[in-house]
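Line order of the protein sequences matches chains A and B. Using UniProt numbering, you'd call the opening residue of the first sequence number 1 and step up by one each time. Using UniProt numbering, you'd call the opening residue of the second sequence number 1 and step up by one each time. No residue lacks a Cβ here, since even glycine has one placed at the ideal position from N, Cα and C.
Protein chains: 2
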Amino acid sequence: MSSDLSIQRSASAVEPALVINRILEAGVRKAPNQTITYNGRDYTYREFEERVHRLAGALAAQGIKPGDTVAVMDWDTNRYLEAFFAIPMMGAVLHTVNVRLSPEQILYTINHAKDDAILVNSEFLPVLEELKDRIEPVKTYILLDDDGVKGSDSLPLAGEYEALLADAPARYAFPELDENTRATTFYTTGTTGLPKGVYFSHRQLVLHTFAGRNTMSGVGQGRFNEDDVYMPITPMFHVHAWGIPYMATLMGVQQVYPGRYEPATLLKLLVSKKVTFSHCVPTIIQMLLQAEAAKSVDLSGWKVIIGGSALPKALAMGALERGIDIYTGYGMSETCPLLTLAQLTPELENADLETQADYRTRTGRPVAMVQLRIVDGEMNDVPHDGKSQGEVVVRAPWLTQGYLNDPEKSEELWAGGWLHTGDVAVMSDDGWLKIVDRIKDVIKTGGEWVSSIDLEGLVLQHPGVGECAVVGVPDAKWGERPVALVVKSGDADEEGIKALIADYAEKGIISRYGIPDRVIFVDALPRTSVGKLDKKKMRAEMV
Amino acid sequence: MSSDLSIQRSASAVEPALVINRILEAGVRKAPNQTITYNGRDYTYREFEERVHRLAGALAAQGIKPGDTVAVMDWDTNRYLEAFFAIPMMGAVLHTVNVRLSPEQILYTINHAKDDAILVNSEFLPVLEELKDRIEPVKTYILLDDDGVKGSDSLPLAGEYEALLADAPARYAFPELDENTRATTFYTTGTTGLPKGVYFSHRQLVLHTFAGRNTMSGVGQGRFNEDDVYMPITPMFHVHAWGIPYMATLMGVQQVYPGRYEPATLLKLLVSKKVTFSHCVPTIIQMLLQAEAAKSVDLSGWKVIIGGSALPKALAMGALERGIDIYTGYGMSETCPLLTLAQLTPELENADLETQADYRTRTGRPVAMVQLRIVDGEMNDVPHDGKSQGEVVVRAPWLTQGYLNDPEKSEELWAGGWLHTGDVAVMSDDGWLKIVDRIKDVIKTGGEWVSSIDLEGLVLQHPGVGECAVVGVPDAKWGERPVALVVKSGDADEEGIKALIADYAEKGIISRYGIPDRVIFVDALPRTSVGKLDKKKMRAEMV
Numbered sequence: 001m002s003s004d005l006s007i008q009r010s011a012s013a014v015e016p017a018l019v020i021n022r023i024l025e026a027g028v029r030k031a032p033n034q035t036i037t038y039n040g041r042d043y044t045y046r047e048f049e050e051r052v053h054r055l056a057g058a059l060a061a062q063g064i065k066p067g068d069t070v071a072v073m074d075w076d077t078n079r080y081l082e083a084f085f086a087i088p089m090m091g092a093v094l095h096t097v098n099v100r101l102s103p104e105q106i107l108y109t110i111n112h113a114k115d116d117a118i119l120v121n122s123e124f125l126p127v128l129e130e131l132k133d134r135i136e137p138v139k140t141y142i143l144l145d146d147d148g149v150k151g152s153d154s155l156p157l158a159g160e161y162e163a164l165l166a167d168a169p170a171r172y173a174f175p176e177l178d179e180n181t182r183a184t185t186f187y188t189t190g191t192t193g194l195p196k197g198v199y200f201s202h203r204q205l206v207l208h209t210f211a212g213r214n215t216m217s218g219v220g221q222g223r224f225n226e227d228d229v230y231m232p233i234t235p236m237f238h239v240h241a242w243g244i245p246y247m248a249t250l251m252g253v254q255q256v257y258p259g260r261y262e263p264a265t266l267l268k269l270l271v272s273k274k275v276t277f278s279h280c281v282p283t284i285i286q287m288l289l290q291a292e293a294a295k296s297v298d299l300s301g302w303k304v305i306i307g308g309s310a311l312p313k314a315l316a317m318g319a320l321e322r323g324i325d326i327y328t329g330y331g332m333s334e335t336c337p338l339l340t341l342a343q344l345t346p347e348l349e350n351a352d353l354e355t356q357a358d359y360r361t362r363t364g365r366p367v368a369m370v371q372l373r374i375v376d377g378e379m380n381d382v383p384h385d386g387k388s389q390g391e392v393v394v395r396a397p398w399l400t401q402g403y404l405n406d407p408e409k410s411e412e413l414w415a416g417g418w419l420h421t422g423d424v425a426v427m428s429d430d431g432w433l434k435i436v437d438r439i440k441d442v443i444k445t446g447g448e449w450v451s452s453i454d455l456e457g458l459v460l461q462h463p464g465v466g467e468c469a470v471v472g473v474p475d476a477k478w479g480e481r482p483v484a485l486v487v488k489s490g491d492a493d494e495e496g497i498k499a500l501i502a503d504y505a506e507k508g509i510i511s512r513y514g515i516p517d518r519v520i521f522v523d524a525l526p527r528t529s530v531g532k533l534d535k536k537k538m539r540a541e542m543v
Numbered sequence: 001m002s003s004d005l006s007i008q009r010s011a012s013a014v015e016p017a018l019v020i021n022r023i024l025e026a027g028v029r030k031a032p033n034q035t036i037t038y039n040g041r042d043y044t045y046r047e048f049e050e051r052v053h054r055l056a057g058a059l060a061a062q063g064i065k066p067g068d069t070v071a072v073m074d075w076d077t078n079r080y081l082e083a084f085f086a087i088p089m090m091g092a093v094l095h096t097v098n099v100r101l102s103p104e105q106i107l108y109t110i111n112h113a114k115d116d117a118i119l120v121n122s123e124f125l126p127v128l129e130e131l132k133d134r135i136e137p138v139k140t141y142i143l144l145d146d147d148g149v150k151g152s153d154s155l156p157l158a159g160e161y162e163a164l165l166a167d168a169p170a171r172y173a174f175p176e177l178d179e180n181t182r183a184t185t186f187y188t189t190g191t192t193g194l195p196k197g198v199y200f201s202h203r204q205l206v207l208h209t210f211a212g213r214n215t216m217s218g219v220g221q222g223r224f225n226e227d228d229v230y231m232p233i234t235p236m237f238h239v240h241a242w243g244i245p246y247m248a249t250l251m252g253v254q255q256v257y258p259g260r261y262e263p264a265t266l267l268k269l270l271v272s273k274k275v276t277f278s279h280c281v282p283t284i285i286q287m288l289l290q291a292e293a294a295k296s297v298d299l300s301g302w303k304v305i306i307g308g309s310a311l312p313k314a315l316a317m318g319a320l321e322r323g324i325d326i327y328t329g330y331g332m333s334e335t336c337p338l339l340t341l342a343q344l345t346p347e348l349e350n351a352d353l354e355t356q357a358d359y360r361t362r363t364g365r366p367v368a369m370v371q372l373r374i375v376d377g378e379m380n381d382v383p384h385d386g387k388s389q390g391e392v393v394v395r396a397p398w399l400t401q402g403y404l405n406d407p408e409k410s411e412e413l414w415a416g417g418w419l420h421t422g423d424v425a426v427m428s429d430d431g432w433l434k435i436v437d438r439i440k441d442v443i444k445t446g447g448e449w450v451s452s453i454d455l456e457g458l459v460l461q462h463p464g465v466g467e468c469a470v471v472g473v474p475d476a477k478w479g480e481r482p483v484a485l486v487v488k489s490g491d492a493d494e495e496g497i498k499a500l501i502a503d504y505a506e507k508g509i510i511s512r513y514g515i516p517d518r519v520i521f522v523d524a525l526p527r528t529s530v531g532k533l534d535k536k537k538m539r540a541e542m543v
């Protein structure tokens with residue numbers, strides 16, 4: 001990291017490393033009496049800091065040392081936030097286990113990450129008891145409990161979290177770490193294949209936190225500031241709850257942790273704690289809006305970032321009409337995750353709700369320090385005209401530098417020195433990104449990219465079409481050609497559907513290469529176990 | 001920078017360097033049509049970005065290459081802001097010349113910094129013409145002109161700035177730089193000795209900008225946000241105008257550059273551009289408040305950070321009564337400069353003006369990522385009790401790593417691995433820093449530190465004392481002993497003054513070691529050429 005052009009360093013000079021200790025220090029210094037709430041208890045930031053020290057001491061007493069990996073299996077709690085800091089600050093790696101995975105997948109990630117210890121909520125004890133004999137690396141289990149569970153029949157527990165903290169010293173001498181020390185790891189699951197581990201260093205978390213704070217805070221629509229009350233509704237095991245707990249701590253914000261996501265609990269906390277800032281997947285907000293109990297609750301002024309999947313415009317309108325300041329954020333496990341945010345510009349803040357919803361449901365504009373390109377198959381930039389499609393590839397100072405112990409998939413992810421998101425998007429000339437498809441679902445035909453999602457939307461305009469899926473099938477001449485699978489809801493035939501799409505192509509709404517080669521009528525579309533369209537299966541059946 | 005605990009990096013993965021290119025990119029992406037004003041002309045951020053590219057191209061055409069040093073001698077202009085980015089982004093070093101130094105000092109800094117080129121405002125041509133034969137390294141001079149000056153009789157000018165930009169290409173291929181590349185340099189002058197060069201890397205400027213943004217922005221008193229209109233009144237040659245132009249650019253804020261600081265111009269711009277955020281030394285705000293033209297101007301809502309020297313409480317009250325949101329920032333040339341800010345906590349915002357003024361005139365609370373200690377002579381931390389004095393020593397990711405080509409002074413600055421500010425301070429238990437003296441002016445007596453400034457304040461309480469200066473003189477038994485020099489304004493004698501201080505000591509307001517050994521009555525206090533108390537001279541005369 002030194003060249004002829006580098007600054008001179010005198011022998012005694014110190015340039016401190018970017019470590020997350022500084023985030024905790026800043027928050028406690030700024031707001032020592034601010035609170036963090038879980039399960040009806042408020043902890044001040046000062047208490048929180050002491051508990052971080054105690055947790056490190058308790059883990060050290062169990063033999064945890066720099067380079068070890070400590071897993072957590074918990075819902076969203078103050079304990080998890082303590083682990084967010086204490087474990088990386090010790091020089092150990094925090095493995096945030098996705099507790100929604102199948103037991104077999106959980107087993108795979110524990111063994112693959114080489115977890116030395118697991119902090120486990122009593123609710124998940126049965127899973128570990130079942131897997132126990134096949135868990136290879138773990139030496140220590142620590143119980144996290146809200147329900148009076150005291151032990152396990154078969155799992156050797158070192159103790160209960162609160163008791164261990166009470167026994168630990170109030171100060172722990174955290175080591176001085178290199179900023180490239182691995183701080184966190186977790187696993188991302190595709191529709192197929194084994195879970196893949198991503199990982200982030202102290203430096204990456206610090207830069208993600210400061211750049212996120214820069215974009216998310218300030219004045220204007222949807223900003224997250226010191227006077228907000230924060231409650232995550234994206235699990236802390238999922239990309240560190242988008243890294244927002246780190247930003248909240250940096251700012252000294254009041255934080256509320258809801259445990260497991262029960263609509264009744266969430267609504268109760270929203271009201272009683274006057275929560276003003278959250279983030280979640282579209283399903284959660286839909287569930288809350290539809291909950292009977294939510295109908296009488298004033299949700300106006302609640303700022304919510306939506307990520308994980310596209311925010312449907314109708315849902316955005318429904319939320320806006322309830323006064324919720326809803327907008328999209330974009331990123332993925334591999335990107336820590338923040339890449340873009342759909343914050344309105346000052347001009348758009350005065351637009352009507354319909355126009356606002358159009359922008360709020362886009363993928364957004366890149367966060368500071370993110371370099372974002374939309375490229376064709378040869379890594380050439382496509383025009384920023386709101387129409388030309390390409391894959392989103394990115395660089396930023398906080399992207400996973402590979403998949404853990406998987407050089408082959410790592411090279412694929414980073415082909416050409418840019419991280420490949422696998423998302424297909426268009427960019428407007430005013431710098432707004434809009435994801436239109438996953439690259440695997442794009443149909444590459446006649447030298448053009450046709451979005452299967454766009455095409456499905458147009459086929460659904462036909463009055464006789466109830467459901468539709470479009471896939472690309474290999475074609476010697478054109479590369480691929482689109483084929484539509486349709487579930488009828490009324491009168492529909494192949495010619496009529498093709499004529500409809502040809503009509504849209506005539507109007508310039510879709511490429512003429514988008515007119516399907518074939519329309520196949522089926523009784524039901526193939527779906528995966530979680531209800532997503534199974535295009536992999538469709539393609540396989542059609543070849 | 002890699003250890004056993006470091007993250008894995010796949011061969012193709014890229015972790016981008018922290019370079020100031022990203023600051024410019026973020027601002028332009030966020031607010032392409034926002035403006036930067038100088039001399040009656042508005043430039044959009046998009047134009048500004050293009051001018052940065054053109055400036056780099058123009059300098060490259062003059063032979064400037066990575067590692068070269070390019071000096072600027074200008075007042076506060078859009079050109080200077082362009083140089084803030086273009087020169088470091090080329091891999092060259094920006095030398096911001098303090099145009100207020102004497103010609104001999106300017107000559108020294110140009111030769112010491114090994115400037116390859118100088119961009120010079122026509123106003124300073126006579127200085128360079130005079131020094132010409134003794135300037136060693138400079139190969140190219142470029143004229144900056146607002147007054148119709150076309151050339152120089154004796155200085156070989158490569159051309160005028162605007163003409164060279166017009167001839168340069170609109171895009172420049174900036175190199176990919178290591179983040180530790182030196183970006184800027186400038187000289188700090190003590191009361192004695194040669195100017196000393198400090199220097200900052202791209203990484204340091206980026207981190208200073210993001211951490212500064214984190215502390216300065218958001219909600220609450222004195223915050224600097226996207227909707228502000230920014231006008232610096234600290235020269236751009238002085239610690240990059242405190243680095244705030246970089247923060248303003250990151251945020252896409254409207255910027256107004258005033259050129260030379262004439263009260264009439266400043267007031268006109270304040271009103272016509274609706275400036276809301278500035279920073280300056282106390283003298284400037286005093287001058288503005290006293291200017292006849294300012295009496296009819298509404299200054300309410302103008303946020304002003306005061307630095308450079310202590311903000312007197314009476315001046316703060318005067319400004320607050322005019323509705324100016326005035327508060328202190330602390331730092332120095334060696335620290336890039338930001339270390340602390342005296343932003344009020346939410347509770348203090350509701351306090352009466354008197355209480356507010358008390359906090360606003362303190363040195364403040366540390367900015368995120370700054371590690372700040374107050375230590376005694378053996379580097380032990382003193383208690384944070386609001387009373388115990390010690391030297392302020394700091395670490396932060398943006399401190400100069402030495403003095404340019406001066407290993408001896410560098411080691412002194414960084415003795416013990418902490419940067420020594422030379423300032424003596426107390427820290428209250430709620431984390432507020434208050435500078436009480438310069439370490440050279442502190443009197444170390446009987447194992448205690450007595451602030452000469454505190455003691456002077458108490459002596460001045462005597463009705464017969466008009467002016468007072470206290471210095472420490474060597475003492476075999478006590479180390480040092482205080483001696484007071486007094487200019488009478490009425491009846492005063494040595495016994496009476498000693499009795500007054502003894503009385504304060506009795507009440508615990510000052511240490512009993514603070515009672516002066518001697519009181520010497522003089523007609524006038526020795527002062528330096530710029531009117532500061534010349535304690536060096538006083539001490540020398542008394543030994």
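Residue i classed as buried or exposed, judged by whether at least 16 other C-beta atoms fall within 10 angstroms
i	result
residue 30 of chain B	buried
residue 290 of chain B	exposed
residue 387 of chain B	exposed
residue 394 of chain A	buried
residue 55 of chain A	buried
residue 509 of chain B	exposed
residue 65 of chain A	exposed
residue 360 of chain A	buried
residue 454 of chain B	buried
residue 1 of chain B	The pLDDT assigned to residue 1 of chain B is 42, lower than 50, so where the model puts this residue is not dependable; a value taken from the coordinates is nonetheless given after this. Burial call: exposed.
First through last residue of the alpha helix (DSSP H) which encompasses residue i
i	result
residue 102 of chain A	Premise fails: residue 102 of chain A is in no alpha helix (DSSP H) and is neither H nor E.
Per DSSP, cross-strand counterpart(s) of residue i
i	result
residue 435 of chain B	B/425
residue 189 of chain A	According to DSSP, which records beta bridges pairwise, residue 189 of chain A is partnered with nothing at all.
residue 126 of chain A	Answer by DSSP bridge pairing: none, since residue 126 of chain A is not bridged.
residue 157 of chain B	B/141
Start and end residues, beta strand (DSSP E) containing residue i
i	result
residue 217 of chain A	First-last for residue 217 of chain A: undefined, no H or E at that position.
residue 278 of chain B	277-280
residue 35 of chain B	35-38
residue 41 of chain A	41-44
residue 78 of chain B	Where residue 78 of chain B is concerned, there is no enclosing beta strand (DSSP E), although the alpha helix (DSSP H) it sits in stretches over 78-89.
Residues that residue i contacts on chain A, provided the C-beta gap is smaller than 7 Å
i	result
residue 332 of chain B	Those within 7 Å of residue 332 of chain B in chain A number zero; the least Cβ separation is about 15 Å.
residue 219 of chain B	225, 226 and 227
Query raised in the report: Taking the runs of the beta strand (DSSP E) that are 3 residues or longer, which of them lie wholly in the segment 289-356 of chain B?
Result: Taking only runs of at least 3 residues, the beta strand (DSSP E) segments lying wholly in the segment 289-356 of chain B are 303-306, 325-331 and 338-341.
**Report entry** Length at least 4, wholly inside the UniProt domain "AMP-binding enzyme C-terminal" (455-532) of chain B: the alpha helix (DSSP H) runs in chain order
**Finding:** If only uninterrupted alpha helix (DSSP H) runs of at least 4 residues are considered, those enclosed by the UniProt domain "AMP-binding enzyme C-terminal" (455-532) of chain B are 494-506.
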